[in-house]
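K.L.:
Residue numbering for the sequence shown follows my numbering, beginning at 16 and increasing consecutively. Beta carbons are placed, not taken as given, at the ideal position from N, Cα and C, and that holds for glycine. The structure's right below; bear with me while I get my questions together.
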Amino acid sequence: MFKYSPINSYALRNLQKNQIYFNNPLNFNDPFDTFHPAKINELSNEKFVEQFCNSSKRNFDKTALLGIINKSISKEDFYDFCDEHIDYIFDFNQGSANQIFKEKKDFLEQLKNIEESKTSFLENIGGLFSAVKLRLQSTIQETIHNIRQETFSKIGVSCFSKNNLNLLMWSHYADSHQGFCLEFDSSFEPFSKAFEVIYKSEIPIINSDLLMNEEVEAESIKKLLSFKSIDWKHEKELRIFHQESNKSYFYSNRSLKAIYFGIRANQSDIEIICSIIKSQNPSVKFYKMKKLELTFGIEPEEFFYNTAIEVQSSILLIISKLFPKNEFTSSQIKKVINNITELQLKAHLEDLTNKNLLIKNKGKYQLNR
16 MFKYSPINSY ALRNLQKNQI YFNNPLNFND PFDTFHPAKI NELSNEKFVE
66 QFCNSSKRNF DKTALLGIIN KSISKEDFYD FCDEHIDYIF DFNQGSANQI
116 FKEKKDFLEQ LKNIEESKTS FLENIGGLFS AVKLRLQSTI QETIHNIRQE
166 TFSKIGVSCF SKNNLNLLMW SHYADSHQGF CLEFDSSFEP FSKAFEVIYK
216 SEIPIINSDL LMNEEVEAES IKKLLSFKSI DWKHEKELRI FHQESNKSYF
266 YSNRSLKAIY FGIRANQSDI EIICSIIKSQ NPSVKFYKMK KLELTFGIEP
316 EEFFYNTAIE VQSSILLIIS KLFPKNEFTS SQIKKVINNI TELQLKAHLE
366 DLTNKNLLIK NKGKYQLNR
């Protein structure tokens, strides 16, 4: 998995400390990201009955309640339910002029006298519970809103990709190809906790039943956080969450596999980053992106970075073998060292002179034995 980045002080600090940053979704460049609309499907009758009973202090018969809502309950069972519970559902003490039943006794008397085929009372009671269910559905909508305003405003997200060759991502997230891209081993934490973003042309449907279940509520939240418009499909995004935003999470330096530099990356920036990385994990591989010749695209080309100590040790070894006694010039050394620029070689020779390992006289050098 890959993470694009510009080269700046924040990126260098994260590299030095082996950490990734978890941003607040409110800062994302896509205003629909995380805060897109959400379709909430209707709460099932079974889940409504469960929630209604859990929120009530009375021990309702769940089977009877479900039969009322589904209009499948018998007259006898309906009467028994109303005899025990109807005064906890209807408020017979409202005193309204439009109130049909003045007391529980009146309700039960008329209910007893209706014919089996007449379902007006059953319809009315079913309608009553449907209204309660509708209010609960509105509560779910409010829950979604609260989740976004409270939870999402605090949660942290770190974004990755399965693709390190996308030209648009190098332009958008790696400072117009001047930045770099890190490759991580997904078997290490926190990268092992990453999940794929789903791209759709339609907004996601959230299961109301899941939202009312604390054990799986996280899955619904995850669904809200992992959907994006199909316009972003090219990113092939992976995401990791943190309980807090604007925080950094440390990772094992062994999880960093490689670093890829953009085709416009500055050489001095490359050397600074390579020196940081190699001091922490010598096994990390380095690549520089280059343009493809026959198509719009880029490909990585591996290069090898040596620290200043490694380069200077190599220079001294070459000098001791090729010029054990005679003086030599920097151009003579350059002919036998191909993986270094003249400017870099000059800097290393000057540094070796300052360390009294070389003696410089009239533009020529000699080992200080």
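State the start and end residues of the unbroken beta strand (DSSP E) segment that holds S176.
P.N.:
G171 to S176
K.L.:
How would you label D121, buried or exposed, when you count the other beta carbons within 10 angstroms and need 16 or more for buried?
P.N.:
exposed
K.L.:
Starting from K77, trace the alpha helix (DSSP H) in both directions and tell me its first and last residue.
P.N.:
K77 to I84
K.L.:
Tell me whether N376 sits in a helix, a strand or coil according to DSSP, three-state version.
P.N.:
strand
K.L.:
Counting pairs of beta carbons, one from the segment 299 to 312 and one from the segment 321 to 333, are three or more of them closer than 8 Å?
P.N.:
no
K.L.:
Judging by CA-CA distance, which residue of L240, I278 and I334 is the nearest neighbour of E317?
P.N.:
I278
K.L.:
Given F178, which residues of its chain have a CB within under 6 Å of its CB, disregarding the five upstream and five downstream residues?
P.N.:
Here residue 178 turns out to be Asn, not Phe, going by the sequence shown. Contacts found: K251.
K.L.:
For the structure I just gave you, are there three or more beta carbon pairs, one from the segment 203 to 217 and one from the segment 68 to 77, closer than 8 Å?
P.N.:
no
K.L.:
Between the beta-carbon of S270 and the beta-carbon of F195, is there less than 8 Å?
P.N.:
At least 8 Å separates the beta-carbon of S270 from that of F195.
K.L.:
Using three-state DSSP, classify H249 as helix, strand or coil.
P.N.:
helix
K.L.:
Residues in the same chain with beta-carbon distance under 7 Å from K349, minus the five sequence neighbours each way, listed in chain order, please.
P.N.:
E357 and L360
K.L.:
When the Cβ atoms of the segment 284 to 301 are set against those of the segment 258 to 275, are three or more pairs found closer than 8 Å?
P.N.:
yes
K.L.:
If contacts are defined as beta-carbon pairs under 8 Å, then V172 and F256 qualify, I think. What distance do you get, rounded to the angstrom?
P.N.:
Confirmed, Cβ separation roughly 6 Å.
K.L.:
Quick check: the Cα distance between A26 and H192, rounded to an integer number of angstroms?
P.N.:
Whole-angstrom Cα-Cα distance: 15 Å.
K.L.:
What is the DSSP secondary structure of N69, reduced to helix, strand or coil?
P.N.:
helix
K.L.:
Is R269 helix, strand or coil by DSSP?
P.N.:
Look at R269 here: in three-state DSSP terms it is helix.
K.L.:
Note down the Cα distance separating K262 from L180, rounded to an integer number of angstroms.
P.N.:
28 Å
K.L.:
Tell me the DSSP secondary structure of N113 in three-state form.
P.N.:
The predicted model places N113 with a pLDDT of 47, which falls under 50 and marks its position as unreliable; any figure quoted below should be read in that light. If DSSP states are grouped into helix, strand and coil, N113 belongs with coil.
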